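Numbering (our numbering), first residue to last: -6 to 222.
Cβ atoms here follow ideal geometry from the backbone N, Cα and C, with glycine treated the same way.
These numbers come from a predicted model, not from an experiment.
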């Protein structure tokens, strides 16, 4: 082992498992650990959920497994990156603690009817022949479902975030996420690479107040630092 070599730890949180991988400075995979998730919670037809803390607990376990394989290499890690499944969502309270289970991306529950949109949004969507599709997206939005079916929880919700945002927070203490991770039923403007503005149609299709959404950063931007711990 080159004593001057430095390494990068990558955490890949997928749908079926979570992996911890260490690469050297030339991009060679040096160590790999994997832990499969248990079966997801399916209390009702079309529902797919997971305990919120499970993902963090499994992340710790798989990283510790990697550490145990090569402790000296682990000490030479100079960077950590995280990638996760998309469109799995959490609602957090004022202390950023989960208020309920994660609603997974493959969960297909919908609201009984679309959340009412502004007349101008309906007009624009009708002109381009996209109104029925937009209404279906509107019904699929998990924030809308929570507003309709779990109002007590929604009223306590401080932040509505994706799984990647939550794991970033657990790793760094900062509730931030990469713009590249913003894929799902959320009011994100892909052209401007920012949350949709007040008069953006997406802000009507997915009606989530911007104050409930996390801060966004550029892909690859530093959001935290590695500690001795």
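* Asked: When you compare only the Cα positions, how much space is there between residue 77 and residue 129?
  -> In the chain shown, the residue the question calls residue 77 occupies position 84. In the chain shown, the residue the question calls residue 129 occupies position 136. Between residue 77 and residue 129, the C-alpha separation is close to 25 Å.
* Can you give the beta carbon distance from residue 101 to residue 142, rounded, assuming they're within the 8 Å contact cut? -> Counted from its first residue, the chain shown places residue 101 at position 108. Counted from its first residue, the chain shown places residue 142 at position 149. Their Cβ separation, rounded to whole angstroms, is 14 Å, which puts residue 101 and residue 142 out of contact at 8 Å.
* How big is the Cα-Cα spacing for residue 113 and residue 220? -> Indexing the chain shown from 1 puts residue 113 at position 120. Indexing the chain shown from 1 puts residue 220 at position 227. C-alpha separation (whole angstroms): 50 Å.
* For residue 65, does the count of other Cβ atoms within 10 angstroms reach 16, so buried, or fall short, so exposed? -> On the chain shown, position 72 is the one that residue 65 refers to. Exposed, because fewer than 16 other Cβ atoms sit within 10 Å of the Cβ of residue 65.
* **Residue from 104, 148 and 117 whose Cα sits closest to the Cα of residue 135** => Counting from one through the chain shown, the residue named residue 135 turns up at place 142. When only C-alpha atoms are compared, the closest one is 104.
* **Paired residues, beta bridge with residue 0 - DSSP** => Along the chain shown, read from residue 1 onward, the residue named residue 0 stands at position 7. Residue 0 pairs with 17 and 70.
* Under 8 Å, do residue 92 and residue 149 count as touching if we go by C-beta distance? -> As a first step, residue 92 is located in the chain shown; it is residue number 99 there, counting from the start. As a first step, residue 149 is located in the chain shown; it is residue number 156 there, counting from the start. Yes, they are a contact pair.
* C-alpha distance - residue 62 paired with residue 15, whole-angstrom precision -> Position 69 of the chain shown, counted from the first residue, corresponds to residue 62. Position 22 of the chain shown, counted from the first residue, corresponds to residue 15. So the two alpha carbons sit approximately 11 Å from each other.
* Less than 8 Å separating the beta-carbons of residue 51 and residue 35? -> What you label residue 51 is simply residue 58 of the chain shown in a count that begins at 1. What you label residue 35 is simply residue 42 of the chain shown in a count that begins at 1. It is not a contact, given that the beta carbons lie outside the stated cut-off.
* Run the CB neighbour count on residue 158, radius 10 Å, all protein chains shown included, and call it buried at 16 or more, exposed below. => Numbered from 1 along the chain shown, position 165 holds the residue referred to as residue 158. Answer is buried; the Cβ neighbour count reaches 16.
* To do: Using 10 angstroms around the beta-carbon of residue 0, count the other beta-carbons present and answer buried if the total reaches 16, otherwise exposed.
  => Taking the first residue of the chain shown as 1, we reach residue 0 at position 7. Looking at its Cβ environment, which holds 16 or more other Cβ atoms inside 10 Å, residue 0 is buried.
* To do: Output the distance between the C-alpha atoms of residue 127 and residue 155, rounded to the nearest integer angstrom.
  => Walking along the chain shown from the start, residue 127 turns up at place 134. Walking along the chain shown from the start, residue 155 turns up at place 162. In a straight line, the C-alpha of residue 127 is about 21 Å away from that of residue 155.
* Asked: How many angstroms separate the CA atom of residue 45 from the CA atom of residue 79?
  -> In the chain shown, residue 45 corresponds to position 52, counting from 1. In the chain shown, residue 79 corresponds to position 86, counting from 1. If you take the alpha carbons of residue 45 and residue 79, they lie about 15 Å apart.
* Using DSSP bridges, identify the partner residues of residue 188. => Against the chain shown, residue 188 aligns to sequence position 195. Its beta-bridge partners are 181.
* Taking 8 Å as the cut-off, decide whether the C-beta atoms of residue 74 and residue 3 are in contact. => On the chain shown, position 81 is the one that residue 74 refers to. On the chain shown, position 10 is the one that residue 3 refers to. The answer is yes: Cβ separation under 8 Å.
* **Nonlocal neighbours in the same chain, by C-beta distance under 6 Å from residue 132, ignoring five residues either side** => On the chain shown, position 139 is the one that residue 132 refers to. For residue 132, where only same-chain residues beyond five positions count, the Cβ hits under 6 Å are 103, 104 and 107.
* Could you tell me which residues DSSP puts in a beta bridge with residue 154? => Position 161 of the chain shown, counted from the first residue, corresponds to residue 154. 83, per the DSSP bridge assignment.
* To do: Return the residue from the list 209, 54, 111 and 120 that minimises the CA-CA distance to residue 11.
  => Position 18 of the chain shown, counting from 1, holds the residue named residue 11. The option with the nearest alpha carbon to residue 11 is 54.
* To do: Would you verify that the beta carbon of residue 64 is, or is not, closer than 8 Å to some beta carbon of chain B?
  => Of the chains in the structure shown, none is chain B; there is only one protein chain.
* In angstroms, rounded to a whole number, what distance separates the CA positions of residue 224 and residue 146? -> Here the chain has residues from -6 to 222 only, and residue 224 is not among them.
* Straight-line gap, residue 212 to residue 32 (C-alpha atoms, nearest Å) -> Stepping through the chain shown from its first residue, residue 212 is reached at position 219. Stepping through the chain shown from its first residue, residue 32 is reached at position 39. Taking the straight line joining both Cα atoms gives about 31 Å.
* **Where residue 201 sits in the DSSP three-state scheme** => Taking the first residue of the chain shown as position 1, residue 201 is located at position 208. Here residue 201 sits in coil by DSSP.
* So, using beta-carbon positions, are residue 58 and residue 94 closer together than 8 Å? -> Here residue 58 corresponds to residue number 65 of the chain shown, with the count starting at 1. Here residue 94 corresponds to residue number 101 of the chain shown, with the count starting at 1. Contact flag unset, no.
* Hey, would you say residue 81 sits closer than 8 Å to residue 97, going by beta carbons? -> Numbered from 1 along the chain shown, position 88 holds the residue referred to as residue 81. Numbered from 1 along the chain shown, position 104 holds the residue referred to as residue 97. In contact: residue 81 and residue 97 (Cβ atoms closer than 8 Å).
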